[in-house]
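For the sequence shown, full-length UniProt numbering begins at 1 and goes up steadily by one. Where a beta carbon is used, it is the ideal one built from N, C-alpha and C, also for glycine. As the structure is a computational prediction, the values presented were derived from the model and not from experiment. Notes to accompany the following structure.
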Amino acid sequence: MDIAVIGTGYVGLVTGVCLSELGHQVTCIDIDERKVEMLENGKSPIYEDGLEELLVQNLQKGRVDFTTDYRKGLRNKQLVYLAVGTPQGDDGSADLTYIEAACRNIAENLENDTVIVTKSTVPVGTNEHIKETIEANLVHDVTINVASNPEFLRQGSAVHDTFHGDRIVIGSDDNEALVMLERVNEGFGLPIVKTDLRSAEMIKYASNAFLATKISFINEMANLSERIGANIDHVARGMGMDNRIGGSFLNAGIGYGGSCFPKDTRAIISIGKEADYDMPILENVVDANERQRVIIVEKLLTRFSSLNGKRVAVLGLAFKPNTDDMREAPSIEVTGKLIEAGAEVTAYDPVAADNAKTILPDQVRYAGSVEEALQHADIAIILTEWKEIKEFPLAGYRDRMNEAILFDGRNCFTLDEVRGSGVEYHSIGRPV
Ligand code: UGA
């Protein structure tokens with residue numbers, strides 16, 4: 001099929017490239033000329049495992065191309081995917097500025113009938129608004145239909161998730177649009193859930209809100225466990241073996257971050273407010289996560305009477321491993337609080353350091369390796385469980401630090417590993 005994808009952020013780019021891999025003819029449209037030029041040259045502007053290889057292969061096969069020109073990009077396309085950002089507005093609701101702008105551009109440049117497929121996470125009812133906005137501004141005499149096809153990709157494993165996801169959700173109030181989308185997605189070989197527009201939009205928010213709830217729940221159990229002498233690893237394992245609960249997303253730590261869970265949980269609360277319905281569970285999930293992010297600093301302040309002049313090595317800055325994304329990363333608040341308390345912070349992240357430099361306090365120094373960050377440090381803190389951080393031997397802490405004291409915000413080591421290592425070890429939800 002002939003497909004256009006608007007927006008080459010991580011959702012749009014992964015969608016476009018993966019659809020071309022299935023054999024569809026895809027044009028990706030973005031207003032950012034620099035990005036388009038990079039992509040045309042086979043360079044991915046985001047760090048995503050396996051993406052650049054697929055991009056290059058499909059560029060060579062002539063199945064994917066990039067443009068800033070809407071008219072050219074939309075020409076003869078049967079499907080147009082909307083994958084622009086929906087950042088958080090000041091009141092917590094989703095900001096639809098980019099969606100609106102894309103709708104106007106579509107309306108002005110569309111010259112044939114098409115189905116508009118929304119990939120972006122949008123409040124329930126937005127797809128109807130998209131249809132109205134485009135129809136009200138159409139320049140040519142064409143018919144459009146709308147469909148919702150929310151994405152469930154995780155950053156860092158987006159390509160893998162596209163081909164191995166648990167399900168594909170497609171929603172539309174138009175049967176022909178549903179049939180078309182089903183055909184486009186058949187090649188992925190995954191179960192397809194067909195539903196109406198509003199339910200598809202809701203599935204996305206409900207799924208992210210549920211996963212965020214699971215994380216805040218296990219973090220609450222962890223905080224209690226460490227107070228009453230239980231071990232959250234064992235608790236989570238025992239709970240997760242119950243199929244009704246499921247073992248994934250039960251890793252206790254310093255809370256969730258990123259561009260999705262924080263934004264989507266606040267957005268669904270805001271949708272509730274508009275519908276005049278309170279959402280006490282989710283409000284508490286959000287509050288609990290905000291407290292959890294700084295729990296590591298509280299632990300430090302309980303252990304030391306003052307952090308003034310202490311040399312702190314911070315290991316990992318991205319909101320999770322395998323990404324350079326710093327959005328809503330716990331490291332932002334943690335380093336801010338450490339600096340405020342007078343600590344000297346040296347940070348290391350294998351990929352996110354450049355992005356971190358533009359966000360973290362200026363006083364933060366950056367090291368080129370775990371070893372360098374630990375050299376002569378008084379305290380080490382793990383904030384992101386990168387493989388190289390998880391696998392860094394405990395003896396390395398002992399050899400390099402002034403005193404080997406480790407606060408592990410991601411439970412990278414088991415208590416058995418730590419026993420007898422000579423490292424004073426503090427983690428989340430486990431007895432000290
Ligand atoms: C999340 C969802 O997992 C995707 O299904 C969804 O498509 C995406 O949001 C989105 O809406 O675009 P992502 O934000 O990339 O994906 O990252 P996750 O791997 O889900 O992790 C989110 C946060 O939760 C991270 O900060 C991670 O450290 C934290 N987390 C995750 C935990 O603290 N504990 C866990 O057990 C799992």
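Sequence-distant residues of the same chain with beta carbon closer than 8 Å to residue i, five excluded per side
{"i": "Thr414", "result": "Asp233"}
{"i": "Gln78", "result": "Met1, Asp2, Ile3, Thr114, Val115 and Met180"}
Per-residue burial, residue i [other beta carbons within 10 Å of its own, 16 or more giving buried]
{"i": "Gln60", "result": "exposed"}
{"i": "Gln363", "result": "exposed"}
{"i": "Ser248", "result": "exposed"}
{"i": "Leu224", "result": "exposed"}
{"i": "residue 434", "result": "In the structure displayed, the chain extends from 1 to 432; residue 434 sits before or after that span and is not available."}
{"i": "Lys72", "result": "exposed"}
{"i": "Arg410", "result": "buried"}
{"i": "Ala318", "result": "buried"}
{"i": "Val286", "result": "buried"}
{"i": "Phe261", "result": "buried"}
{"i": "Val235", "result": "buried"}
{"i": "Tyr48", "result": "What sits at residue 48 in the sequence shown is Glu, not Tyr. Buried, because 16 or more other Cβ atoms sit within 10 Å of the Cβ of Glu48."}
{"i": "Ser306", "result": "exposed"}
{"i": "Lys119", "result": "buried"}
{"i": "Phe210", "result": "exposed"}
Same chain only: Cβ atoms within 7 Å of residue i, ignoring 5 sequence neighbours per side
{"i": "Lys35", "result": "Thr8 and Pro45"}
{"i": "Asn76", "result": "Asp2 and Asn112"}
{"i": "Ile359", "result": "Met326 and Ile332"}
{"i": "Thr67", "result": "Thr27, Ile29, Val36 and Gly73"}
{"i": "Gly165", "result": "Phe152 and Leu190"}
Sequence-distant residues of its chain with Cβ nearer than 6 Å to residue i (five each side left out)
{"i": "Ala313", "result": "Thr346, Ala373, Leu374, Ala377 and Ala380"}
{"i": "Glu333", "result": "Arg293 and Val294"}
{"i": "Tyr425", "result": "Leu406 and Val418"}
{"i": "Asn231", "result": "Arg430"}
{"i": "Ala177", "result": "Val115, Asn145 and Ala147"}
{"i": "Gly156", "result": "Asn322 and Thr323"}
{"i": "Ala94", "result": "Thr86, Pro123 and Ala267"}
{"i": "Leu22", "result": "Gly187"}
Assumed close pair residue i, residue j - CB separation to whole angstroms, cut-off 8 Å
{"i": "Ala288", "j": "Ser216", "result": "4 Å"}
{"i": "Glu290", "j": "Ile269", "result": "The pair is not a contact, with the Cβ atoms about 13 Å apart (cut-off 8 Å)."}
{"i": "Gly336", "j": "Ile382", "result": "That pair is no contact at about 18 Å."}
Query raised in the report: Taking one C-beta from the segment 286-295 and one from the segment 253-263 each time, how about it: are there three or more such pairs within less than 8 Å?
Result: These segments touch.
Query raised in the report: Could you give the uninterrupted runs of the alpha helix (DSSP H) lying entirely in the segment 342-425, keeping only those of 4 residues or more?
Result: Listed in chain order, the complete alpha helix (DSSP H) runs (minimum 4 residues) inside the segment 342-425 are 353-357, 370-374, 387-390, 394-400 and 415-418.
Query raised in the report: Of all the alpha helix (DSSP H) runs that stay within the bounds of the segment 33-68, which reach a length of 4 or more residues?
Result: For the segment 33-68, whole alpha helix (DSSP H) runs of length 4 or above, ordered along the chain, are 33-40 and 51-60.
Query raised in the report: Taking contact to mean at least 3 C-beta pairs separated by less than 8 Å, is the segment 49-64 in contact with the segment 77-93?
Result: Not touching, per the Cβ criterion.
**Report entry** At least 3 beta-carbon pairs within less than 8 Å: the segment 201-213 vs the segment 140-150
**Finding:** Touching, per the Cβ criterion.
Report task. Report yes or no: do the segment 159-168 and the segment 126-137 share at least 3 C-beta pairs separated by less than 8 Å? Result -> The answer is no - the segment 126-137 does not touch the segment 159-168, with fewer than three Cβ pairs under 8 Å.
Query raised in the report: In chain order, which continuous runs of the beta strand (DSSP E) of length 3 or greater are located wholly inside the segment 72-135?
Result: With a minimum length of 3 residues, the continuous beta strand (DSSP E) runs that stay inside the segment 72-135 are 79-82 and 114-118.
Query raised in the report: In chain order, which beta strand (DSSP E) runs of at least 3 residues are fully inside the segment 294-330?
Result: For the segment 294-330, whole beta strand (DSSP E) runs of length 3 or above, ordered along the chain, are 311-315.
Report task. Would you list, in sequence order, the uninterrupted alpha helix (DSSP H) runs of no fewer than 4 residues that lie entirely inside the segment 199-245? Result -> If one requires a minimum length of 4 residues, the alpha helix (DSSP H) runs lying completely within the segment 199-245 are 232-240, in chain order.
Requested in this report: Could you tell me whether the segment 137-145 touches the segment 185-196, where touching means 3 or more Cβ pairs closer than 8 Å?
Outcome: By the criterion of at least three beta-carbon pairs nearer than 8 Å, the segment 137-145 is not in contact with the segment 185-196.
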